[in-house]
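Report on the structure given below.
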Ligand SMILES: NC(=O)c1ccc[n+]([C@@H]2O[C@H](COP(=O)([O-])OP(=O)(O)OC[C@H]3O[C@@H](n4cnc5c(N)ncnc54)[C@H](OP(=O)(O)O)[C@@H]3O)[C@@H](O)[C@H]2O)c1
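In our numbering, the protein residues as written are 7 to 271.
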């Protein structure tokens, strides 16, 4: 891992989040990372950290082993078309972050049997807490382990079948927005019952973090932890049931399915 050279092609929002995660990993030398953008003015500061920046994608491919393509879905295939003659089957591993672009589509452009991965992180990558779902066209365990190691630098990873990649987009990437909207609603409720926005926000965000940590660490079903909080005839169950009467879980499930249908072709 430490000797591998990494290119991030299209270093925008997500590319930068991944870069920040990789830089936290002491086994990866900044000198082994090259990042590209057409207009590099916004990332010039990265040079101070020892990272190479460039607008030359071809050079980046030639100078790297693992190529993370963080381009938008609309131009990823076009850029890969320009780069394909520079891929080397004994050298390169390709990772695409583009939503909705299949391994088959990428493979058709690359037309070389290099390991190709799709990774679906979320924006919590910025704080090292992304859940990244990964799928691939390869049985090369070493390549899979390497790619997982990189994405473990920005949080946790799960390897899934490619057929579930759209579902991963909804639950993991869109999921961040659903949870943030839930948090906003709780803060609004907190203000109505007496807290100022800042205090309500501190209480809610830490409560949400604690609830998630309970499930992550104990691996119990949410209802098991809910049962511990719901005193018979108490205020928690009354509030929860009122939320359910108003379609709380149903709204969430319907929203998830609607997002899924929107990206399903
Ligand atoms: N945001 C999420 O939650 C999320 C989650 C999972 C996956 N994704 C996927 O991640 C990808 C990137 O998303 P993003 O939000 O990071 O987009 P973004 O901020 O727009 O980043 C894309 C970058 O690519 C650069 N670029 C465009 N054409 C280029 C070219 N020919 N050569 C080199 N660089 C080029 C752009 O900079 P210049 O214009 O300067 O070239 C831009 O900074 C998308 O495919 C998205 O579907 C996003």
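We put the beta carbon where it would ideally sit given N, CA and C, even for glycine. Note that the structure is predicted; figures quoted are calculated from it, not measured.
- Within the chosen limit of 7 Å, ligand 1 does not reach the beta carbon of residue 137 with any heavy atom.
- Sequence-distant Cβ neighbours of residue 207 in its own chain, meaning closer than 7 Å and more than five residues away, are 193.
- Non-local C-beta neighbours of residue 130 in its own chain, meaning closer than 7 Å and more than five positions away in sequence, comprise 136, 161, 182, ordered along the chain.
- Between residue 75 and residue 41, the CB-CB gap reaches or exceeds 8 Å.
- In this structure, residue 180 keeps its C-beta atom at 8 Å or more from the C-beta atom of residue 164.
- Distance from the C-beta of residue 85 to the nearest heavy atom of ligand 1 is below 7 Å.
- The beta carbon of residue 170 lies closer than 8 Å to those of 139, 141 in the same chain, with the five residues before and after it left out.
- Separation of residue 128 and residue 178 (C-alpha to C-alpha, rounded to the nearest whole angstrom) is 6 Å.
- With a minimum length of 4 residues, the unbroken runs of alpha helix (DSSP H) contained wholly in the segment 21-103 fall at 63-68, 79-89.
- Your pair residue 172 and residue 269 checks out as a contact, with CB atoms roughly 5 Å apart and the cut at 8 Å.
- The secondary-structure analysis by DSSP pairs residue 257 with nothing; it has no beta-bridge partner.
- A Cβ-Cβ contact shorter than 8 Å links residue 121 with residue 146.
- Distance from the C-beta of residue 15 to the nearest heavy atom of ligand 1 is below 7 Å.
- In the three-state DSSP reduction, residue 144 falls in the coil class, being neither helix nor strand.
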